[in-house]
Amino acid sequence: MKRKFKAVGILLMLVLILQVFTGCAKSTADNGSKEKSEGKKTDKQITLRVMDWADSEKPYRDQFIKDFEARHPDIKIEYTLLTSDQFQNTITTAIKSGDAPDLFPIPPGMKLSTAVAGDWFQPLDKYLDDEFKSRFMDGVFVEGITMQDGKIYTIPAKLDLSNTLIFYNKKLFKDAGLDPENPPKTYSEFRAAAKAITKAGDGKAYGIIEGGKTIVRWKNPVIDWSAQGGSGLNPHSPLSLVTNDANYDSKAVLDVMNLFKGMNDDGSYHPKTMSIAAPEARALFGQGQAGFIVQGEWCIGVWKKDNPDLDFGVMAPPVPDDGQKGYLPRPNLQPWLGIAKTSKHPEAAAQYLKEYYSKDYQSVLVKAGDRFSILKDVNESAAEIEQFKQYYSIAMESSRLAPSVEIRNPETAKIFGKYKDPQPGLGDILQGVIAGALKDPKEQLKMLSKNVNTSLDQAIDAAKAEGAKVSKDDFNFSNWSPNKDYTAQDYEAIRK
């Protein structure tokens, strides 16, 4: 009997021991699941450095970074925001000194080939899976644009539309006796409206404001608006699609220069124009200090957040008084964000890219009116702001897709890798005109045309010397029409 009780006791003790171990195991499993859901904490935290000039995105990016760090406690994001002009100098210096951030975009106006030739970026292919790549619209990963030699190096920031449409203040229109539902359509009407707003503003508001320190805010309108006048200029090539050479001294370009010069002579520019950058100009427009500003869709979300009472409209750029002879050149998608070749944390940087280009975050940007996304279906499902929808419609109606030299012949990337943009450039010249340092831009524009042709010829010769199968004929699109989109079928036809 004693032996029986003793056996039962031992059995009970074994059951209790098993329950204790089972409970511990369950507790450990539960805790592990909870830790996984909250982000695995480690003793070693890395710092991922990100740098760009996307100022309009900052409030949404700040929240994105906060959420990213919560999901990944082992990663600290160090984000640096600069102006586009500051970025150009800062990133070049950082790369030369071996201190590049982990993630950064290509500077405005630079070709991917130039950045790859300078060892700026590393290929992204081994970090990005098929699921990630399937999120994007067709045409995002294209040889010569975001890819080189079959490898992906960068991802575009957004769906590229013209960033030279005009925003106008409807209240200031009314104050000046103008019809806010019938904005100006020609150069003369535009100049007259700016003058009327300046007069009615009586020192409190002016006809137009611009970020005069930001060179691209002068360069882009000259390229785009002159294309409406038949210049054939476009963002993909230093040459005109009409003349097949650099024609920066053409009538169409001079007409745009003289329009802005005339508005300056009228006293229509806000007096702070030449001392501020684009973000500051946008802020002053939001405060009702100017009737017009020439910028992109990213402004809309900023004004809706910071200036909710601002009553503003969107209009197409004016056309020459003697009639429209072309459309705004709509750019193909442009290279933007990539991982530095020197990054010590490429896996973490790739994770940042995957979450940055998620439907959740891209929908935040579209809903806020910051940009049009390159992800499938996001624009249709997330856009809510009326002016944002108007911008898209006007931009599409006013533009035609321009041909790309690099899509036609990816080997031309080697030309752009050798090409040096002559200075002073188009933006510098117009900046000088508005600042009063240059009375007549014609001779400067003629010299720029000559220098661009020479620089391009030298770049072509240098690329050929290294074995590239290229020629100046690659820049000649004989089947291009200023009134039509340049399509995949057009590329196929011209390659034959």
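Residues -25 to -1, 1 to 471, numbered by mature numbering (1 follows the signal peptide of the UniProt record, and there is no 0), are exactly what the sequence shown covers, in order.
Positions of the beta carbon are idealized from the N, C-alpha and C atoms, including for glycine.
Treat the numbers as computed from the prediction; the structure is a model and nothing was measured.
Residues of the same chain with a CB within less than 7 Å of the CB of K393, apart from the 5 flanking positions on each side, are A434, A437 and A438 in chain order. A distance below 8 Å between beta-carbons, with the five flanking residues on each side excluded, links D432 to the following residues of its chain, in chain order: K447. With respect to A169, S72 sits apart: the two C-beta atoms are not nearer than 7 Å. Counting only runs of at least 4 residues, the segment 370 to 402 fully encloses the following alpha helix (DSSP H) elements, listed from N- to C-terminal order: 380 to 383 and 388 to 393. Within the DSSP secondary-structure output, Y181 pairs in a beta bridge with A265. With distances taken between CA atoms, D297 lies nearest to K226 out of I198, K226, N426 and S356. Shown here for Y366: same chain residues with a beta carbon closer than 7 Å to its own, the five before and five after excluded, namely L140, E272, I275 and V289 in chain order. Residue pairing from DSSP places D27 in a beta bridge opposite L56. By the 16-neighbour rule on beta-carbons within 10 angstroms, E185 is buried. In the DSSP assignment, K126 is bridged to Q123.
Beta-bridge partners of G288 (DSSP): Y143. Taking a cut-off of 8 Å for Cβ pairs, the segment 250 to 270 and the segment 142 to 155 touch, as three or more such pairs fall below it. Annotation for V277: S31 place their beta carbon closer than 6 Å to its own, counting only its chain and skipping 5 residues before and after.
Following the DSSP letters along the chain, one finds R166 inside the alpha helix (DSSP H) bounded by residues Y162 to G176. Taken in chain order, the whole beta strand (DSSP E) runs of length 3 or more contained in the segment 64 to 93 are 78 to 80. Considering only S212, K364, D449 and Q309, the residue with the shortest C-alpha distance to I127 is Q309. In terms of CA proximity to S206, Y223 leads the group Y223, S212, I190 and N195.
Distances from the alpha-carbon of V353 to those of I360, K146, V341 and N138 put V341 closest.
Comparing C-alpha distances from K160 to each of N451, K414, S373 and S430 shows the shortest one belongs to S373. Taking 4 residues as the shortest admissible run, the segment 306 to 362 contains the following complete alpha helix (DSSP H) segments, listed from N- to C-terminal end: 321 to 331, 334 to 342 and 353 to 357.
Three or more beta-carbon pairs drawn from the segment 52 to 59 and the segment 20 to 34 are found closer than 8 Å, and the two stretches are therefore classed as touching. In this structure, DSSP gives F111 an extended state, which the three-state scheme calls strand.
As computed with DSSP, P304 is found in a beta bridge with R375.
Take the alpha-carbon of A45 and the one of M249: they are about 42 Å apart. A distance of 7 Å or more separates the beta carbons of D220 and N454. In the DSSP assignment, V191 falls within the unbroken alpha helix (DSSP H) covering V191 to Q203. Between G119 and A388, the C-beta spacing is below 7 Å.
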